[in-house]
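This report refers to the structure that appears directly beneath it.
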Amino acid sequence: MSKVPSAHPAVSRRRVLISGAALALLSTTAAGCGAPAKRPDVEALVAQLDRARADSQLAAGAASAARPDVAAALTAVAAERSAHVQALSDEITRISGEAPQASASASPTPTSTTGEPLPPPKPRDVVAALKQSADSAAQAAAQQSGYPAGLLGSIAASCTAAFTVGLGGGQSS
Amino acid sequence: MTSPQPSAQPSPSRPPNGPDAALFDAVANEHGVIYGYGLVSAHSTPDVNDLVSDAMAGHRQLREDAIARLKSRNVPAPLPATGYQMPIEVDSPADAAKLALRMEEDSAVAWRAVLEQATTNEDRTFAVTALSQCAVTAAKWRDVLKVVPNTVPFPGGTE
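What follows is the structure, given as structure tokens:
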């Protein structure tokens, strides 16, 4: 009870970098004469990053049209999903050696970029999106191992808490 | 973290490392949490009765499931200690809620460790469910404590 070891802190950042570099080297050597294969673990993280970014924008959009108490909860969701974008982007960079494209630094635009004045999303739309994201992150976590599994698990847990408690299951839509 | 006080019965020793050790630690943590919820229950007001009993039932279930998993691998599970030192003194309903929140956050850390150490998809699925359960209950305790926002981006993590 006194201590709960996590796989992550035990491994120094440098060691992760070194082993990542070694792995990258190994995979390039192994793939030697073939076309550079996309690593499935990186692809899974990129898919989660895309979801996080989309959810963050959706929540921010819904916040702009919601009443103040609901807006605060939606803004918190937007911030949490943005934090997920950052953490996933960091991890993708660490294991693949390059930052994910569609730059994670691009700030989310809360308004629709299509030019069409769509009605703002409702809190229940955000709840539905978070439900899907929680399931998706949980499945991805089960298929990864080590730190990425832990990160995706925390993201799944965060999404679940956000739609069940943070947004109260969408009753306030 | 709750810390165990010496028990008359020697508890099985902790596996040295890997998935079994993380699961062993999670069971040991759940023993302390279930003990701690007794204290939370004693000091809580009736309006949180449902939350206390649901949380306690949830942790009991996690403990039993985790013990069954250890058993199936022939790893002896830790025994509950005679008593536990709580991380904070509990003398009011507010203290009780704070202890409950602390225990949920600590449990999330324990389950994330299980998740990171696990070597099968099945164990990872179980760990994510446990981690999510702790995150949801933690959010409910933050509501009781009027902590805003009531959710955090990385339950069980340090990102």
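Chains A and B supply the protein sequences, listed in that same order. This note's numbering applies: residue 319 is where the first sequence begins, and numbers increase by one. This note's numbering applies: residue 432 is where the second sequence begins, and numbers increase by one. Each residue gets a CB set at the ideal place from its N, CA and C atoms; glycine is no exception.
- A Cβ-Cβ contact shorter than 9 Å links B:Pro584 with A:Ser476.
- With contacts defined as CB atoms closer than 9 Å, B:Ala558 and B:Pro586 fail to qualify as a contacting pair.
- Chain order gives no chain A residues near B:Ser472, where near means a beta carbon separation below 8 Å; the closest approach is about 19 Å.
- Apart from the 5 residues on each side of it in sequence, B:Val458 sits with its Cβ closer than 8 Å to the Cβ of Arg494, Ala497, Ile498, Leu501, Ala508 and Pro509 in its chain, given in chain order.
- Its Cα nearest to that of B:Gly463, the residue B:Met534 stands out among B:Met534, B:Trp542 and B:Ser563.
- The alpha-carbon separation between A:Gly486 and A:Val445 amounts to approximately 9 Å.
- It is roughly 46 Å from the alpha-carbon of B:Arg491 to the alpha-carbon of A:Pro437.
- Under the DSSP definition of a beta bridge, B:Tyr515 partners with B:Pro435.
- The three-state reading of DSSP puts B:Lys502 in helix, counting H, G and I together.
- Residue-level contact check: B:Arg533 does not touch chain A, since none of the beta carbons of chain A fall below 9 Å from its beta carbon.
- In terms of Cβ geometry, A:Arg399 and A:Ser382 do not form a close pair [threshold 9 Å].
- DSSP places B:Asn480 in the helix class (H, G or I) of the three-state scheme.
- Judged by DSSP in its simplified three-state form, B:Glu520 adopts coil rather than helix or strand.
- When 9 Å is used as the limit between beta carbons, B:Thr556 is near these residues of chain A: Ala456, Gln457, Ala459 and Ala460, in chain order.
- Around B:Thr582, the beta-carbon contacts reaching into chain A at under 7 Å are Ala394, Glu398, Ser476, Ala479, Ala480, Val483 and Gly484.
- With fewer than 16 other Cβ atoms from the protein chains shown falling within 10 Å of its own Cβ, B:Ser484 counts as exposed.
- For the pair B:Leu532 and A:Gly471, the Cα-to-Cα distance works out to about 19 Å.
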